[in-house]
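**Q** Have a look at this one.
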Amino acid sequence: DVIIEVRGIRFECHRFILSACSQYFREVFSNETGGHFPQVIEMSETQPDTFNLVLDCLYGAKEDLTVDNVESVWNAAQHLQIDFLCDACEKFQYQRLSKDCCVDIIIHAKKVNAGRLLDKARETMIEEFDYLRKRDDLLALDFEELKLLVGNDHLGARSEDDVVETILRWTNFHSSEGNPRLDTVIKKRLPELLKSARVCLVSATFINTLSDDECVLKSPAASKIVREALRYRLQPGRRHDYCPPYAMHRNRSPLQNVTVVVTVDAKGAYRMTCRTPDGTWYRMTHPALFKVSAVTYDNDLYMVSACSNVQATLRYSTSSNTWVNLTNLSIQRDGSVLVCVDNYVYVIGGANNKAIDRFNAQEEQRAPNSVMWEQVGDLKFEVTNVMATVFGKYIVVYGKKANSTVTIVQSFNTSTMTTSVYTDSIMGEHAPMVSFKNGKDTFILLETGDLWKVVNCDNQDLKMEFRGKLFDEYLSLHGAVVFNKELLILA
Numbered sequence: 001d002v003i004i005e006v007r008g009i010r011f012e013c014h015r016f017i018l019s020a021c022s023q024y025f026r027e028v029f030s031n032e033t034g035g036h037f038p039q040v041i042e043m044s045e046t047q048p049d050t051f052n053l054v055l056d057c058l059y060g061a062k063e064d065l066t067v068d069n070v071e072s073v074w075n076a077a078q079h080l081q082i083d084f085l086c087d088a089c090e091k092f093q094y095q096r097l098s099k100d101c102c103v104d105i106i107i108h109a110k111k112v113n114a115g116r117l118l119d120k121a122r123e124t125m126i127e128e129f130d131y132l133r134k135r136d137d138l139l140a141l142d143f144e145e146l147k148l149l150v151g152n153d154h155l156g157a158r159s160e161d162d163v164v165e166t167i168l169r170w171t172n173f174h175s176s177e178g179n180p181r182l183d184t185v186i187k188k189r190l191p192e193l194l195k196s197a198r199v200c201l202v203s204a205t206f207i208n209t210l211s212d213d214e215c216v217l218k219s220p221a222a223s224k225i226v227r228e229a230l231r232y233r234l235q236p237g238r239r240h241d242y243c244p245p246y247a248m249h250r251n252r253s254p255l256q257n258v259t260v261v262v263t264v265d266a267k268g269a270y271r272m273t274c275r276t277p278d279g280t281w282y283r284m285t286h287p288a289l290f291k292v293s294a295v296t297y298d299n300d301l302y303m304v305s306a307c308s309n310v311q312a313t314l315r316y317s318t319s320s321n322t323w324v325n326l327t328n329l330s331i332q333r334d335g336s337v338l339v340c341v342d343n344y345v346y347v348i349g350g351a352n353n354k355a356i357d358r359f360n361a362q363e364e365q366r367a368p369n370s371v372m373w374e375q376v377g378d379l380k381f382e383v384t385n386v387m388a389t390v391f392g393k394y395i396v397v398y399g400k401k402a403n404s405t406v407t408i409v410q411s412f413n414t415s416t417m418t419t420s421v422y423t424d425s426i427m428g429e430h431a432p433m434v435s436f437k438n439g440k441d442t443f444i445l446l447e448t449g450d451l452w453k454v455v456n457c458d459n460q461d462l463k464m465e466f467r468g469k470l471f472d473e474y475l476s477l478h479g480a481v482v483f484n485k486e487l488l489i490l491a
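One point on numbering: in the UniProt record's numbering, the residue at position 52 of the sequence shown is 52, and numbering is uninterrupted.
As C-alpha cells, then:
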C-alpha cells in the first residue's frame with residue numbers, strides 16, 4: 001500500500017511492515033492526516049541496492065552483510081532508525097575486527113556513534129601501531145583521532161622516532177597542494193601532534209631530520225617544540241627539574257620517569273625515596289651519610305656529604321643501580337647546596353665558606369674519578385640556610401648571614417665567574433624556601449605559601465614578581481618540582 005522511490009527505483013512495500021521495524025517510517029506515516037496517504041515516498045539518503053538489502057532483512061529476516069556492504073547498510077539502518085539491524089551491523093564489524101581493518105572501522109564507527117566498537121578498534125590500533133605505521137592506513141585518520149593515538153601511554157611503538165615519523169607523514173599527506181586547510185594543518189595541528197607525542201625522547205639522528213623537515217620549518221610553534229626537544233637532549237643538566245609531558249616515557253618503555261626525594265632528619269641522617277608516575281613511593285638503598293645535598297645531571301644523582309666526621313662525594317647511576325665514589329671536595333662544606341648549570345655541578349655556601357666550586361659532570365661520566373673540583377669564584381658574603389636556583393647563566397643564592405634574620409640575595413655569573421649582591425632585595429625576613437622550574441621560568445616558594453617568579457637577573461639587578469599564594473598555613477618545605485604538568489611540593 002505504499003511505494004518507496006529511491007533515486008528513481010521504486011519498491012512496493014507495506015506501511016505496517018515498515019512502521020513495525022523503522023522508527024523513521026513510523027513517524028512518517030503517523031504524520032499523515034485526514035486519511036490522505038501519499039502513494040509514493042521519495043528517499044535520496046541511500047542507494048537502491050542498499051535499500052533492497054534492508055527490505056530483504058525486514059521482510060525475510062535476511063542479514064546478507066558482507067565486508068563490501070556493511071557500512072552502507074549500517075548507514076541506511078541508522079537513518080531509518082532500525083535498531084536491530086544497526087546491532088547486527090555492529091556485531092558483524094566487531095567479529096571481523098583485526099589490524100588490517102581497524103582504521104577503517106574506527107572511521108566509520110565514529111560516523112555512526114558506535115562507542116563500544118570504536119573503543120575496541122582503538123585498542124587494536126594502539127596495539128598494532130608498529131604494523132600500521134608501515135602502511136597508509138593511518139593517513140586516513142582525522143586530526144583528533146591521530147592525536148589520541150600518538151598521545152596514548154600504551155602505544156605499541158618500538159621507538160619515538162617511529163611515532164614522530166608517522167606524524168610527519170600524516171602532516172605532509174594532509175598539507176598537499178590544493179588543500180584549503182593547508183595553513184591550519186601545518187601551523188596549528190602539527191604542533192599539537194608533536195606535543196602529544198614524546199618528541200624529547202627521539203634519537204639524536206632523527207631530531208636532526210625533524211629540525212630540517214619542511215612542514216616543521218613552516219610552523220613557528222612546531223619549530224619551538226623541536227628546539228625544546230633538542231635542548232632537552234643537549235643540556236642534561238636541565239633534567240634535574242624539568243620533565244614536560246613530551247618527555248614522559250610510555251608504559252611499555254623499559255624506562256620510567258620518577259621523582260627522587262632526598263630528605264634529611266633532625267639528626268642529619270638522610271634517606272632516599274622514589275615516586276613513580278602512578279603515585280607509588282619506594283624506599284631506595286643508599287650509603288650511610290649525613291648532612292647531604294644532591295642534584296641530578298642527565299640520569300645520574302650527585303651527592304655531597306660534608307660534616308665533622310664524614311666527607312664524601314658520590315654519583316648514583318640509575319641505569320645500573322650502583323654508587324660510585326668521586327673525588328672529594330678539598331675542604332669541608334657543611335650546609336652547602338648543589339646546583340647544575342650546563343655540564344657542571346656547582347657547590348655553593350656552607351659553614352664558614354664563601355668558595356664556589358664546580359666539576360665537569362659530563363667528563364666525569366665518561367671517565368669516573370678523573371675529574372677534580374675547581375674553585376671558580378666566591379660569594380660576597382658567607383651565608384647559612386642556603387637555597388640556590390638557576391636563572392639562565394646565573395646561580396641565584398638566597399641565605400642569611402650569621403646573627404641576622406634578613407635574606408641576603410647574591411648571584412654568580414657562570415660565564416664571567418663574577419658575583420653580585422642585591423641590596424634592595426624584596427624578600428625581607430629570611431624564611432625557609434624552595435625553588436622549582438617550569439620550562440624556562442624560575443619560581444621561589446616560601447613556607448608562608450607566597451610564590452615569587454624570577455623575571456630578570458643580571459649583574460646589576462634582580463627582579464622578582466609576586467604571583468600569588470599557594471597555601472595559607474605555614475609548611476616546613478623540603479622541595480618542589482614540576483613533573484608532567486603537576487607541581488609536587490614536599491613538606
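We put the beta carbon where it would ideally sit given N, CA and C, even for glycine.
Give the secondary structure of residue 331 by DSSP, where H, G and I count as helix, E and B as strand, and everything else as coil.
**A** Coil.
**Q** Indicate whether residue 264 and residue 225 have their beta-carbon atoms separated by less than 8 Å.
**A** It is not a contact, given that the beta carbons lie outside the stated cut-off.
**Q** Grouping DSSP H, G and I as helix and E and B as strand, with all else coil, what is residue 101?
**A** Three-state DSSP puts residue 101 in coil, outside helix and strand.
**Q** Rounded to whole angstroms, how far is the Cβ of residue 517 from the Cβ of residue 285, which I believe are closer than 8 Å?
**A** Beyond the ends of the chain as shown, which are 1 and 491, falls residue 517; an answer cannot be given.
**Q** Can you look up residue 195 in the DSSP assignment and give me helix, strand or coil?
**A** Note: residue 195 maps to helix in three-state DSSP.
**Q** Taking 8 Å as the cut-off, does the region 437-450 touch the region 459-477 (at least 3 CB pairs, one atom from each stretch)?
**A** With a cut-off of 8 Å, the region 437-450 and the region 459-477 count as touching, because enough Cβ pairs lie within range.
**Q** Use the C-beta contact count for residue 38: other C-beta atoms within 10 angstroms, 16 or more gives buried, fewer gives exposed.
**A** By the neighbour-count rule (16 or more Cβ atoms within 10 Å), residue 38 is not buried but exposed.
**Q** Helix or strand or just coil, what does DSSP make of residue 524?
**A** There is simply no residue 524 to check, as the chain begins at 1 and stops at 491 in what is shown.
**Q** Please say whether residue 273 and residue 261 have beta carbons closer to each other than 8 Å?
**A** Yes, they are a contact pair.
**Q** Between which residues of its own chain and residue 378 is the CB-CB distance below 7 Å, once the five residues before and five after are set aside?
**A** Taken in chain order, the residues that qualify are 354, 355, 356, 419.
**Q** Is it the case that the Cβ atoms of residue 401 and residue 385 are separated by a distance below 8 Å?
**A** No, they are not a contact pair.
**Q** When the distance is taken between beta carbons, is residue 112 closer than 8 Å to residue 51?
**A** No, Cβ-Cβ distance for residue 51 and residue 112 is not below 8 Å.
**Q** Once you ignore the five residues that flank residue 373 on each side, which residues in its own chain have a CB closer than 6 Å to its CB?
**A** Answer for residue 373: 329, 357, 359, listed in chain order.
**Q** Considering only DSSP beta bridges, list what residue 13 is partnered with.
**A** According to DSSP, residue 13 bridges with 2.
**Q** Exposed or buried, residue 390, counting other C-beta atoms within 10 Å across all chains shown (16 or more means buried)?
**A** By the neighbour-count rule (16 or more Cβ atoms within 10 Å), residue 390 is buried.
**Q** Taking only three categories from DSSP, how would you classify residue 281?
**A** In the structure shown, residue 281 sits in a strand (DSSP, three-state: E or B).
**Q** Which word fits residue 124, buried or exposed, when buried means at least 16 other C-beta atoms lie within 10 angstroms of its C-beta?
**A** Looking at its Cβ environment, which holds 16 or more other Cβ atoms inside 10 Å, residue 124 is buried.
**Q** Below 8 Å, how does it come out for the region 40-47 and the region 56-63: are there three or more Cβ pairs, yes or no?
**A** Too few Cβ pairs lie closer than 8 Å, so no.
**Q** Does the ligand SAH have a heavy atom nearer than 7 Å to the CB of residue 322?
**A** As far as ligands go, the structure on display features none, and thus does not contain the ligand SAH.
**Q** Among all the DSSP beta bridges, which residues are the ones paired with residue 489?
**A** Per DSSP, 480.
**Q** Excluding the 5 residues flanking residue 202 on each side, which residues of the same chain have their C-beta closer than 6 Å to its C-beta?
**A** Result list for residue 202: 160, 161, 164, in chain order.
**Q** Between the C-alpha atoms of residue 2 and residue 183, what's the straight-line distance to the nearest angstrom?
**A** Distance between the alpha carbons of residue 2 and residue 183 is about 51 Å.
**Q** Taking 7 Å as the limit between beta carbons, can you name the residues of its chain near residue 192, skipping five residues before and five after?
**A** 147.
**Q** Quick one: grab the DSSP three-state call for residue 303.
**A** Three-state DSSP puts residue 303 in a strand.
**Q** For residue 496, tell me which candidate among 350, 371, 144 has the shortest Cα-Cα distance.
**A** Absent from the model: residue 496. The displayed extent of the chain is 1 to 491, so no value can be given.
**Q** Of the residues 84, 108, 100, which one's Cα is nearest the Cα of residue 69?
**A** That would be 108, whose Cα lies nearest to the Cα of residue 69.
**Q** Could you check whether residue 481 and residue 241 sit closer than 8 Å to each other, using their CB atoms as the reference points?
**A** Result yes, Cβ atoms of residue 241 and residue 481 sit closer than 8 Å.
**Q** Hey, quick one: how far does the beta strand (DSSP E) through residue 272 stretch, first residue to last?
**A** Segment 270-275, the beta strand (DSSP E) holding residue 272.
**Q** Hey, how far is the Cα of residue 294 from the Cα of residue 479?
**A** Going by the C-alpha atoms only, they are around 12 Å apart.
**Q** Taking the runs of the alpha helix (DSSP H) that are 4 residues or longer, which of them lie wholly in the region 337-417?
**A** Here the runs fully enclosed are 361-366.
**Q** Would you tell me roughly how many angstroms separate the C-alpha atoms of residue 443 and residue 304, rounded to the nearest one?
**A** Residue 443 and residue 304: Cα-Cα distance of roughly 24 Å.
**Q** If contact is defined by three or more beta carbon pairs under 8 Å, each pair taking one atom from either stretch, is the region 315-330 in contact with the region 213-230?
**A** No, because fewer than three Cβ pairs between the region 213-230 and the region 315-330 fall closer than 8 Å, the two stretches do not touch.
**Q** Put residue 44 into one of helix, strand or coil per three-state DSSP.
**A** Note: residue 44 maps to coil in three-state DSSP.
**Q** Based on Cα-Cα distance, which residue from 92, 381, 57, 315 lies nearest to residue 367?
**A** It is 315.
**Q** Looking at the structure shown, is residue 312 part of a helix, part of a strand, or coil, going by DSSP?
**A** In the structure shown, residue 312 sits in a strand (DSSP, three-state: E or B).
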